[in-house]
Structure formats: C-alpha cells, structure tokens
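2 protein chains.
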Amino acid sequence: MGNSAAAETSSVQSVDRALQILNILADKGECGVTEIALALGIHKSTASRLLSELLSYELVEQVAERGRYRLGLGLVRLAGHVTASLEPVSGSRTITRALAAAVGETVNISVLDGNQVLYVDQVTGPTIVAMRSWIGNRVEAHCTSTGKALTAWLDEPARIAARPKRWIQYMPNTIMNAADLESELAQVRERGWALAVEEMEPGLVAIAAPLRDPYGEVVATLAVSGPAYRITPDRYEDIANQVVEAARKLSGKVEF
Amino acid sequence: MGNSAAAETSSVQSVDRALQILNILADKGECGVTEIALALGIHKSTASRLLSELLSYELVEQVAERGRYRLGLGLVRLAGHVTASLEPVSGSRTITRALAAAVGETVNISVLDGNQVLYVDQVTGPTIVAMRSWIGNRVEAHCTSTGKALTAWLDEPARIAARPKRWIQYMPNTIMNAADLESELAQVRERGWALAVEEMEPGLVAIAAPLRDPYGEVVATLAVSGPAYRITPDRYEDIANQVVEAARKLSGKVEF
DNA sequence: AGCGGAGTTGCCCATTGCGCAACACTAAGC
DNA sequence: GCTTAGTGTTGCGCAATGGGCAACTCCGCT
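See the structure below:
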C-alpha cells in the first residue's frame, strides 16, 4: 500500500521512496513529514531523512522552520536544462521566430503526455527577447489544436487512450464525444494540420502541425495561437500553410 | 573527490548520489553510465541502478537503447507544479494580466538565484491564453532590470556576491564595472524601479519593480519588457508607475 | 572474426538505511 | 501559565538493502 508500480521493480528502494515523495508533493502541494510517512508506509524518521536529502538539493523546501514541505526551485533549475537540451540545433530557433514574426502571433512546441499536451517551447509574438521559455503546464489533448495534431496519427488503441476520462464542456464548441473527435482527427490527417476555434477558452484560436522524427513518427507539434479577432477564418489557410512549412523544416532538426 | 558538500552531511547516501547524477546531467547535457560512475567515484553497476531508478520516474531518459542518458520530461512536469504553487492567490493573476493589457507588453516575475535572474512566471502581451508559463532559464543580474531590482536593496556583501564573475560586454550599453553598477543601483533605490535599455540584447527594454514579503524584503520582481521601438523613453515613467503600482498590489499576495 | 568497451544483471557480503525511542518544539485547551 | 497532544528531529543498533564483483550481452571498430 502506498507503493508505486515502479517500487515493484525498484532496485534502489530509498531513491524510489525519495522520488515518490516528489510525486506526493506534486499532487498535494504541501505536506507534513508524518503525512508523507503515512502515504508511503514508512516511519516518520525515514521520511524526515529523505526530505532532508531532497532539501539539500532544493528539490523541496520547507514552508516554515520545522514545518510542512513543498516542491522547490531546484526542480525549476533542472527543468530549465531539459528545455535547453530540447532546443533544436543551431539556427532552428530562427524558424520558430520567423514564423512568429510572419504570422504576428505566439508560436509553441508541445509533446503528448498521456492524454494531455505538455508545452515545451514558446516564442511570443513579434519580440526580440531571446529568453527561452517553456511551459510545464498541460491541457487536455482533445480540445486543442496541438492535442489533435499529436494524436491524429496515433494508432486506434493509442488514440483511445488519449481521450479524456470525462468529456467536459469547456466551451460551446468543445468536442463532447468520441465519434465527433474521430471525425475531427480524420480531417486533421487529411489536411495535415489541426485547428481549434474557441474549444478550450473564449476567443482562442490555434493552428498546429506535427513535427516528425526521421522515422515519420509524430513526436511533437508546432502551433500558432492567438485571439479570434486577429486569427479570422480567412487567415486559417494561410497561417496553416506557414505552420506546415515551418514544421517541415523543423522535423529534420528536432529530436526528443 | 566527486562528492558534493551535501554528501558530507548526507544522511541518505544513495539518494544523494542519485541527485548528484541529475546535476551532472544538467552540467554535461548527456552522459554515459561509465562517465557518471567515474564522476561520482562509484562502480558502473551502481550508477546503472541509480539511473534505472531515475528512468522509471522519467527524471532521466536514454538517448538510445543501452545508450547515453540525459535529463527527462518528468522534471518538466514536476517543475510545472512548482510554478503552479508559486501562482499568487485567487485574483492576483488578474493583476499581471491587467498590467500586460494596459501596457501592451510582456510581463514576468523573477527571483534571484545566486548572481542570476530566474524567471518563474510570465504573461505575454494582450492574450487570452490562460496557460501558465514559467522560465527555467536565467540571465545575469547586473544587466537586466529585474536583476537590478532584485539586488538594489541587498546589503553590500550580498550585492557584491551578486556581481558577475566576469564583466562581459553584451552590448555597448552594458554596465562594465562595479562603480557604475553601484551608481545604477543607487538610482534604482531612489526611484523605486529599475530600467535596462539594450544592455543584454539589441532593442530590448525592460522596467522592473520589487515584490516584497510582509517584512519588506525583496523576494521577487515584477517586470515589463518589450522592444525599444515600442517602449520609447517618453513611456518609461508611465510604464514604471504602472509596474510599481501592480507590484505594490502583488507584494501582499506573493509568497516564495 | 576478434577485440575492446559500454551497459546490464545475478549474487553475496558489508555497509548503510531504517525503525525505535527519546527529545525539542509548538499549538491548543483549560 | 500549565498541561497535553502532536509534529519534526536525531542518536543508536540491527537487519535489510545497496553496491562491488564477475560475468554476461551488445555494439562499433579493425
């Protein structure tokens, strides 16, 4: 009880426990030592020592002296290295910047994480700021253009696994059943790009194209997003063509 | 040799080693098992088992089967929870969004990390996208408005520690010595806000104000950034006033 | 085909992680 | 102000686990 499936195959129990603590804190936000000990089925002195180790690397932090724990900024620093390593080879960032400049909207790159979209890179609208950004947050795959582009080319079992557990009506336009979603994904495959118009949030329009590895597998997506009053229907085709072209250029450069 | 200072006070050696592996991968990008074992002074079978554990939680990933390792997307997911927990209390995000809408430029929140600025939150220009973003990347503190706002109110030893190890001339406007930096920080304290005009990157202008905890300590900054052709000198005062006002509102809400 | 090196895994032993007990600290109730 | 209950921390000793060794598989190079 309280042990993950990973624990069943664990070869280093104490490391496994420490990493489970990180997941518990991710789920609950903040936790006390005793609470974590109970969740893991270990003694509170054990939990305290594991937390102390994580604390020394700043993967967790204490809300107050001798108080509850939460995830720490050390994770943000490490994650920054992940996004740095995701950056395509020299010159590729110019493709996403050029696209952002040409279209005048935000451009991002995402990967599929279970049944959700995980944002891993972003270039804001016409901007000169060279700061790399990436987004740890994620949204449901079925009601975003990136999610549709990520799942459209999966085989059927994988597409079914990527469907939401519950169909929530975020917006009047939100897709609410499997048949409509499959129909939508068929259109994505036919066109080569995905569209989402006010399905997740009022006024938000996004157009996405797949990024493929050398084997042709879809490993990420490239997307443009902006407000509906700027990305009007008459611009969809043109923006889509630009996204698809940029995605084609990037597909030979990005590896995940 | 190969052991961190933390290892000297470590109470869980194997967890300590696993976390050192993460730092090694952050530094080197990619590593083999044998390389990591040598760096840590442990047997390669030990390194392999520790990596296997990190792999099962996706904190690392293998570039190829039986190949080299690098940091994994599991870190991005965990870090996303950190930024979620950094989000100010209900309603506060409206302050940064309102500021972004009013000024028409990108707004971000940063903290000081050694002698660099670590970006922890960002709202892009007038946008409807509700996705939270944060930036694991960091830049030198002395040549950004956020860095100046973060360090201006430190005591002298801390300000000296926050100076760059080497004064690199990124731009003609870049501050290149301690005296000029101290003078600039004195102005920041006097005005209550910091300015950086093309010091880090061509065309980039940023204005930042400190975010204080209930004890008045500067714990983060709020900044607006954009291109020089839009953020012209005649707009500095007005933007600064809006940033200071938004920072004042946020200071009672943000805790780190 | 042979060699060298990297990564993996079974096994056994010594070291380390862990539970126990005791302590320090804090908040709540009277 | 005192008492009680609960939380988090730490010294200690023991047994369970982590880790080194050896052997294996796999792959690239000659």
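Those protein sequence lines, which keep their order, are chains A and B.
For reference, each letter of the first sequence is one residue, going 0 to 255 in numbering that gives the first Met the number 0.
For reference, each letter of the second sequence is one residue, going 0 to 255 in numbering that gives the first Met the number 0.
Backbone N, C-alpha and C define an ideal beta-carbon position, used for all residues, glycine too.
- Chain B places a beta carbon closer than 9 Å to that of A:His80, counting this residue as a contact.
- Bounds of the alpha helix (DSSP H) holding B:Tyr235 are 232-250.
- Secondary structure at B:Arg158: helix, using DSSP grouped into helix, strand and coil.
- Annotation note: the region 179-207 of chain A contains the following uninterrupted beta strand (DSSP E) runs of length 3 or greater, listed N- to C-terminal: 193-196.
- The beta carbon of A:Asn22 sits closer than 9 Å to some beta carbon of chain B.
- Under the Cβ distance rule, B:Arg234 does not count among the residues neighbouring chain A, no pair being separated by less than 9 Å.
- From the beta-carbon of A:Leu77, the residues of chain B found nearer than 7 Å are Leu21, Ala25, Leu70, Leu74.
- For a cut-off of 8 Å, the C-beta gap from A:His80 to B:Leu70 is around 6 Å, short enough to register as a contact.
- Between the region 142-149 of chain B and the region 196-211 of chain B there are three or more C-beta pairs closer than 8 Å, enough to call the two in contact.
- Using a CB distance below 8 Å, the part of the region 32-61 of chain A facing chain B consists of Arg48, Leu49, Ser51, Glu52, Leu53, Ser55, Tyr56, Leu58, ordered along the chain.
- When Cβ-Cβ separations below 9 Å define contact, B:Gly28 makes contact with chain A.
- By the neighbour-count criterion, in which a residue is buried when 16 or more other Cβ atoms sit within 10 angstroms of its Cβ, A:Ser250 is buried.
- Taking 8 Å as the upper bound for CB-CB distance, B:Tyr68 and B:Leu39 are not in contact here, some 13 Å apart.
- B:Leu72 sits close to B:Glu57, with the two beta carbons spaced by under 9 Å.
- Annotation for A:Thr173: Cys142, Glu198 place their beta carbon closer than 6 Å to its own, counting only its chain and skipping 5 residues before and after.
- B:Trp192 places its beta carbon 9 Å or farther from that of B:Ala245.
- Chain A has a Cβ within less than 9 Å of the Cβ of B:Ala17.
- Looking at the DSSP output, A:Cys30 shares a beta bridge with A:Tyr68.
- Counting only Cβ-Cβ distances below 7 Å, A:Val14 has contacts in chain B at Ser13, Val14, Ala17, Leu49, Glu52, in chain order.
- At the C-beta level, A:Thr220 and A:Val102 stay beyond 9 Å of one another.
- Look at B:Ser250: its C-beta is not under 9 Å from any C-beta on chain A.
- For B:Ser10, there is no enclosing beta strand (DSSP E), as DSSP marks it with neither H nor E.
- Taking 9 Å as the CB threshold, B:Ser182 stays off the interface with chain A.
- For the C-beta of B:Ser10, the chain A residues within less than 7 Å are, from N- to C-terminus, Arg48, Ser51, Glu52.
- In the assembly as shown, A:Glu216 is an exposed residue. Its beta-carbon has fewer than 16 other beta-carbons within 10 Å.
- Membership of A:Glu60 in the beta strand (DSSP E) is indicated by the continuous run 59-61.
- For B:Ala227, there is no enclosing alpha helix (DSSP H), as DSSP gives it neither H nor E.
- For B:Gly146, the enclosing alpha helix (DSSP H) starts and ends at 144-150.
- Taking a beta-carbon distance threshold of 9 Å, A:Val110 counts as an interface residue toward chain B.
- Assigned with DSSP and collapsed to three states, B:Leu49 falls in helix.
- Sequence-distant Cβ neighbours of B:Lys248 in its own chain, meaning closer than 6 Å and more than five residues away, are Ile94.
- Here B:Thr220 carries a strand assignment [DSSP, helix/strand/coil].
- Rounded to whole angstroms, the separation of the alpha carbons of B:Asn176 and B:Ile167 is 10 Å.
- In chain order, Glu104, Thr105, Val204 place their CB closer than 7 Å to the CB of A:Gly225, counting only its own chain and leaving out the 5 sequence neighbours on each side.
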